[in-house]
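To start, the structure under review is shown below, and the notes come after it.
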Amino acid sequence: MSSNQTRVPDEPSTAAALTDNFQEPPAWFRAKPFWAWNTRLDEAELRRQIRIFKEMGFGGFFMHARVGLDTPYLGSEWFDLVRACIDEAQKTGTEAWLYDEDRWPSGAAGGLATADPKYGMRTLWVSRCRRDDNYEWPQDGDAAYLFAAVFDDDKLVSYEPVSSAADLAAQPLGTELIEFVLKPAPCRRRSWFNNRSYLDTLSEEAVGKFIEVTHEKYRQEVGEHFGKTVPGIFTDEPNHGGMFRNVWAVDGCLPWTAGLPRRFQEMFGYDVIARLPELAYDPADGGRPYGQVRYHYCRCKARMFAQAFAKTIGEWCNDNNLFLTGHVQEERPISNNISMCGSTMQFYSHMQLPGIDIVRRFRMEFLIPKQCASVARQMGCKWVLSEMYGATGWPTTFEIYKHNGDWQTVLGITMRCPHVSWYSMAGEAKRDYPASIHFQSPWWRQYRHLETYFSRLHVVLGAGDPVCDLAVIHPVESYYVLINAGWVDDTIEP
Numbered sequence: 168m169s170s171n172q173t174r175v176p177d178e179p180s181t182a183a184a185l186t187d188n189f190q191e192p193p194a195w196f197r198a199k200p201f202w203a204w205n206t207r208l209d210e211a212e213l214r215r216q217i218r219i220f221k222e223m224g225f226g227g228f229f230m231h232a233r234v235g236l237d238t239p240y241l242g243s244e245w246f247d248l249v250r251a252c253i254d255e256a257q258k259t260g261t262e263a264w265l266y267d268e269d270r271w272p273s274g275a276a277g278g279l280a281t282a283d284p285k286y287g288m289r290t291l292w293v294s295r296c297r298r299d300d301n302y303e304w305p306q307d308g309d310a311a312y313l314f315a316a317v318f319d320d321d322k323l324v325s326y327e328p329v330s331s332a333a334d335l336a337a338q339p340l341g342t343e344l345i346e347f348v349l350k351p352a353p354c355r356r357r358s359w360f361n362n363r364s365y366l367d368t369l370s371e372e373a374v375g376k377f378i379e380v381t382h383e384k385y386r387q388e389v390g391e392h393f394g395k396t397v398p399g400i401f402t403d404e405p406n407h408g409g410m411f412r413n414v415w416a417v418d419g420c421l422p423w424t425a426g427l428p429r430r431f432q433e434m435f436g437y438d439v440i441a442r443l444p445e446l447a448y449d450p451a452d453g454g455r456p457y458g459q460v461r462y463h464y465c466r467c468k469a470r471m472f473a474q475a476f477a478k479t480i481g482e483w484c485n486d487n488n489l490f491l492t493g494h495v496q497e498e499r500p501i502s503n504n505i506s507m508c509g510s511t512m513q514f515y516s517h518m519q520l521p522g523i524d525i526v527r528r529f530r531m532e533f534l535i536p537k538q539c540a541s542v543a544r545q546m547g548c549k550w551v552l553s554e555m556y557g558a559t560g561w562p563t564t565f566e567i568y569k570h571n572g573d574w575q576t577v578l579g580i581t582m583r584c585p586h587v588s589w590y591s592m593a594g595e596a597k598r599d600y601p602a603s604i605h606f607q608s609p610w611w612r613q614y615r616h617l618e619t620y621f622s623r624l625h626v627v628l629g630a631g632d633p634v635c636d637l638a639v640i641h642p643v644e645s646y647y648v649l650i651n652a653g654w655v656d657d658t659i660e661p
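Heads up, the numbering used here is the position in the sequence shown plus 167, with the first residue counted as 1.
Dropping the structure here:
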């Protein structure tokens, strides 16, 4: 984690200075909501809504492309409006934070980064079949790895590689085969990525393309405001694709990229390709799972994801005087965390302002804020962000908002990102994870009282240091040995 303190107020040197900050907390300590840009945007309306944010007690906003956006993303008009919002933020004493994606998950840049298919996500597709007269070597992927196998029901008795068409021809008819085929991730919701695909987030080259079309574009257009009115950029739910379960692709896949076998060899000294069946199937003899290769594979992909995505972008942000904040997809349960990103805490360590996401009204997820706050404390960062209140619904009261914010603050959250404030509620936007914490809610003029309460808490927390006398060993790496083609998160979650 790199240091970036440009926009952070100096710690008060006297009791009087602390009292002043407590009485009227500066923008840094106040919440910054997701501002949903979800229709055709108008400069005058954007400026009006920023003034409303100020009146509501917010310290800024994240300019967030959402469902319904009708202004071309990252086009010339887009940046004209971003500049107008930065100007209005300067006038109102608020902060204009960036968001790195057209909707989410971060990485594809609304399809701009994956227009060239070589930057798209790859997966290793796993399947079983039997050799018959019509069976041919798989031709529909970038690479294929075959194994002749013997199974007892779904348990693996033995396997041997089938390394060529000649080896395949030598196998008796009826031989059971395990296929591992590397090909573009079969996306369930291709339209979500504007008919492109999600990014290969295990590839530093692909992430470099994402930075080129997003972060560098912002630097060219509004870089003079970085570290001033524009303190940072939010990355939302990046992931490397799921292991045998996947939100964005389909089940039966292993996260993969072309460079993974080489990195695996460098890290552990043996060939992961030769032992692929052990990643997918448990042994038939009732023994322990194939722990070594599973553990090493999970460590390899977790490191590749954290370094390719978080470290690469975090270093770019540090070089350009921005905070990298946001959160990964599937922060818990631990099995989901392993499946989608390998190690949440390893990812956080490369962020200047690590964050989490707590959705729904009565969801109390103690592990999520605690593991993030722990990394921040270990890396010397006092600020931990929570995207909160998503999908809480229109009936949510101030009492519930306060309760949700209170327990997260106790567990280490020191910056709030309320989800969500709609620019418009026209069309599909009105169904986008309500409620809207903005002028559409009848209580918006009273909301300032809630934000003043939390911003004062943040002032006090920012002036002190957490006292932690108890160390807890996180069990994420113990879970690595439990993966297989049939795992379901609730079967191994405590």
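Every residue, glycine too, gets a C-beta built ideally from N, C-alpha and C.
Opening and closing residue of the beta strand (DSSP E) in which Cys584 lies: Met582 to Pro585
Cβ-Cβ distance between Glu498 and Thr511 below 7 Å: yes
May I ask you to report which of helix, strand or coil DSSP gives Met555? strand
Just the Cα atoms here: how many angstroms apart are His641 and Asp334? 45 Å
According to DSSP, simplified to helix, strand and coil, what is Thr290? strand
Which whole-angstrom value describes the C-beta separation of Ala630 and Glu178, a residue pair presumed to lie in contact below a C-beta threshold of 8 Å? 6 Å
Could you check if Met531 is buried or exposed, using at least 16 other CB atoms within 10 Å of its CB as the buried criterion? exposed
Tell me the DSSP secondary structure of Lys549 in three-state form. coil
Does the beta-carbon of Tyr437 have 16 or more other beta-carbons within 10 angstroms, so that it is buried, or is it exposed? exposed
Alpha-carbon spacing of Leu624 relative to Arg429, whole angstroms: 49 Å
Under DSSP, the alpha helix (DSSP H) around Asp486 begins and ends at which residues? Thr479 to Asp486
With distance defined between alpha-carbon atoms, name the residue in Pro193, Glu404 and Val329 nearest to Asp267. Glu404
Once you ignore the five residues that flank Ala558 on each side, which residues in its own chain have a CB closer than 6 Å to its CB? Val526, Arg527 and Tyr600
For the beta strand (DSSP E) that contains Leu313, what are its first and last residues? Ala310 to Asp319
Residue closest to Asn205, alpha-carbon to alpha-carbon, out of Gly308, Trp589, Arg218 and Val639: Trp589
Going by C-alpha distance, which of Ala263, Glu222 and Tyr464 is nearest Gly394? Ala263
Sorted by chain position, which residues of the same chain lie with C-beta nearer than 8 Å to Phe360's C-beta, five sequence neighbours on each side aside? Ala275, Gly277, Gly278, Thr281 and Cys354
On the three-state DSSP scale, how would you describe Phe606? coil
Use the C-beta contact count for Phe201: other C-beta atoms within 10 angstroms, 16 or more gives buried, fewer gives exposed. buried
Per DSSP, which residues does His494 bridge with? Please list them. Asp403
For Gln575, I'd like the list of residues in its chain whose CB is within less than 6 Å of its CB, leaving aside the five on either flank, ordered along the chain. Pro536 and Ser553
Can you look up Pro176 in the DSSP assignment and give me helix, strand or coil? coil
Is the CB-CB distance between Val551 and Ile505 below 7 Å? no
Determine contact between the stretch 282-298 and the stretch 363-370, defined as no fewer than three beta-carbon pairs at a distance below 8 Å. yes
My assumption, with CB atoms under 8 Å, is that Ser608 sits in contact with Met592. Please give the rounded CB distance. Wrong, their Cβ atoms sit about 11 Å apart, outside the cutoff.
Output the boundary residues of the beta strand (DSSP E) element that contains Val577. Val577 -> not in any beta strand (DSSP E); alpha helix (DSSP H) instead, spanning Phe565 to Val577.
Given a cut-off of 7 Å on the beta-carbon distance, is the pair Leu208 and Thr238 in contact? yes
Compute the distance between the beta-carbons of Tyr464 and Leu446, then report whether it is under 7 Å. yes
Using beta-carbon positions only, say whether Leu340 and Leu313 come within less than 7 Å of one another. no
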